[in-house]
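The sequence shown begins at 39 in the working numbering and counts up by one. The beta carbon of each residue, even a glycine, is placed where N, CA and C say it ideally should be. To start, the structure under review is shown below, and the notes come after it.
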Amino acid sequence: MKEYENREMEQEVQEVPSILAKRRLLPGDRVLWVIVAMFFAISMVVVYSATSQLGFKGGSMATGAYLQKHIVTLCLSAVIMFFCYILGAKFLRKVTWLAYIGALLLTVAAYFFGDATNDAHRWIDLGFFRFQPSELLKIGTIMLLAAKLSAKHHRIKQIHLLPSTIDVRKWATPRERDIIFDEIFPIVLPIALSCMAILPAHTSSAIHLFIVSIVMLFIAGIRWQEILKLTIIAAATGLLVIFTVGRGGVVINRIMEFTGLRKEAQTEQVHRSIMERYSDSDRSRMAIQNGGLFGVGAGRSVMRARLTHPESDYLFAIVVEEFGLLFSFVIVLLYLWLFFRALRIFEKCEWLYAGLLAVGLALLVTSQGFLHVGVTIGILPETGQNLPFLTQGRTGMFCASIAVGIILGISRQVEQGTLVPPSQQPNNKHI
39 MKEYENREME QEVQEVPSIL AKRRLLPGDR VLWVIVAMFF AISMVVVYSA
89 TSQLGFKGGS MATGAYLQKH IVTLCLSAVI MFFCYILGAK FLRKVTWLAY
139 IGALLLTVAA YFFGDATNDA HRWIDLGFFR FQPSELLKIG TIMLLAAKLS
189 AKHHRIKQIH LLPSTIDVRK WATPRERDII FDEIFPIVLP IALSCMAILP
239 AHTSSAIHLF IVSIVMLFIA GIRWQEILKL TIIAAATGLL VIFTVGRGGV
289 VINRIMEFTG LRKEAQTEQV HRSIMERYSD SDRSRMAIQN GGLFGVGAGR
339 SVMRARLTHP ESDYLFAIVV EEFGLLFSFV IVLLYLWLFF RALRIFEKCE
389 WLYAGLLAVG LALLVTSQGF LHVGVTIGIL PETGQNLPFL TQGRTGMFCA
439 SIAVGIILGI SRQVEQGTLV PPSQQPNNKH I
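What follows is the structure, given as structure tokens:
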């Protein structure tokens with residue numbers, strides 16, 4: 039009798055935490071919710087400070103209107119994030135192909151029906167909102183990669199990313215056909231199509247997506263020799279395409295400007311002021327030097343009036359100038375924190391698809407942030423990548439919210455115990 043009573047009490051104690059967990063508001067990774075809230079709060083401050091000069095320079099809106107617009111963007115982003123948060127991993131897996139094909143078609147359509155910015159057709163204008171479909175294609179590619187890699191996890195070490203022979207005549211053999219159609223096409227083809235679709239309009243975004251995809255292949259367990267061969271072939275092909283579509287001049291100019299090899303003619307320098315002779319990268323480094331450890335104070339940036347896009351492409355430089363290196367270091371730590379929380383979610387996932395999706399999306403967001411930081415501090419050439427969750431711009435903010443919303447949704451299912459693979463084998467990672 040006593041044993042029965044003790045067993046009943048133990049069962050009640052075990053049930054209490056699960057009941058409380060189900061009733062807790064916004065279940066999932068609480069630390070990740072805090073990180074997102076901190077990003078949103080910081081974003082309002084830095085965007086207001088960075089855009090205040092636009093009103094004085096004759097912008098289409100008053101100074102405070104830019105902040106109001108950004109607050110609306112943050113509110114819409116929160117709604118989008120919550121919507122993705124309540125979606126289940128099984129639903130996402132079912133709509134993976136639809137999401138990928140839709141984003142790919144929109145990206146291609148932008149070349150024919152989109153608006154051009156800096157001689158590149160990246161935007162689709164809906165009248166009330168302009169967006170870059172290539173940002174959606176990045177997310178769709180990560181979703182598809184996670185699905186294909188998890189489906190082949192049982193033989194991931196034997197997968198080939200390129201034909202096993204360079205003899206084209208042998209590609210018709212049954213073994214090579216299996217490699218091409220069962221291994222190369224499902225994994226390599228989506229990466230290639232996405233990068234080729236993005237590259238003519240935004241070279242740095244295509245390179246960014248390819249790097250993230252390569253890291254996902256490595257995390258999934260594909261042999262490094264295969265990854266290295268694919269990277270070499272892709273780099274050679276990418277260079278050929280860049281010069282074929284006419285983006286070679288832009289890439290070379292940015293690299294020469296970054297390395298200091300580009301020199302203006304003496305006649306061009308005579309008609310320009312000293313400050314105008316410096317590039318945006320030079321001015322960005324000046325802003326960082328002006329800021330020092332503690333910054334010059336909010337709204338007191340000098341270089342925000344000198345930079346072309348202080349509210350987007352070079353926002354981190356303005357943050358350093360006004361708030362200092364110490365505060366900027368906190369932002370870098372937030373991105374690192376976000377990525378490591380996603381890694382923890384990956385470790386807890388019983389379904390490999392959901393784990394790969396979480397870590398892939400986190401890598402997409404955080405690596406873009408580090409690319410932005412690398413440009414502003416002068417260790418990378420100009421890329422045009424914004425700072426996720428912080429810069430002004432609805433496309434970047436919405437897509438970052440979609441990515442983190444999905445990660446939060448996966449963490450919710452892990453906590454609630456509803457994230458199980460279709461095979462219903464909870465102790466192993468399956469497709």
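- In this structure the segment 119-131 touches the segment 438-453; the number of beta carbon pairs closer than 8 Å is three or more.
- When DSSP states are grouped into helix, strand and coil, Arg168 belongs to the strand group.
- About 6 Å separates the beta carbons of Leu255 and Ile265, which is inside the 8 Å limit, making them a contact pair.
- Around Lys267, the same chain offers Leu200 as residues with beta carbons nearer than 6 Å, after the five sequence neighbours per side are excluded.
- Per the coordinates, the alpha-carbon of Leu399 lies some 16 Å from the alpha-carbon of Ile73.
- Assignment of Arg68 by DSSP, reduced to helix, strand and coil, places it in the helix class.
- For Ile257, the closest C-alpha among the options Asp351, Ile417, Leu183, Gln423 is that of Leu183.
- Judged by beta-carbon spacing, Tyr373 lies beyond the 8 Å limit of Ser188, meaning their Cβ atoms are not closer than that value.
- Ranking Gln430, Gly447, Thr275, Ala355 by CA distance to the CA of His108 puts Gln430 first.
- When the alpha-carbon of Asp67 is set against those of Val458, Thr404, Gln451, the nearest one is in Gln451.
- In its chain, beyond the 5 residues on either side, Asp318, Ser322, Leu345, Thr414 have a beta carbon closer than 7 Å to the beta carbon of Tyr352.
- In the same chain as Ala273, and ignoring 5 residues on each side of it, no C-beta atom comes closer than 7 Å to its own.
- Judged by beta-carbon spacing, Ile118 lies within the 8 Å limit of Ser439, meaning their Cβ atoms are closer than that value.
- By the CB criterion at 8 Å, Met435 and Thr111 fall inside the cutoff.
- By the Cβ-count criterion, Val368 is exposed, with fewer than 16 other Cβ atoms from all chains shown falling within 10 Å of its own Cβ.
- Excluding sequence positions up to five before and after Gly333, its CB lies within less than 6 Å of the CB of Glu360, Phe361, Gly362, all in the same chain and listed in chain order.
- One Cα belongs to Thr456, the other to Ile245, and the distance between them is close to 36 Å.
- Note on Glu385: under 16 other CB atoms within 10 angstroms of its CB, so exposed under the neighbour-count rule.
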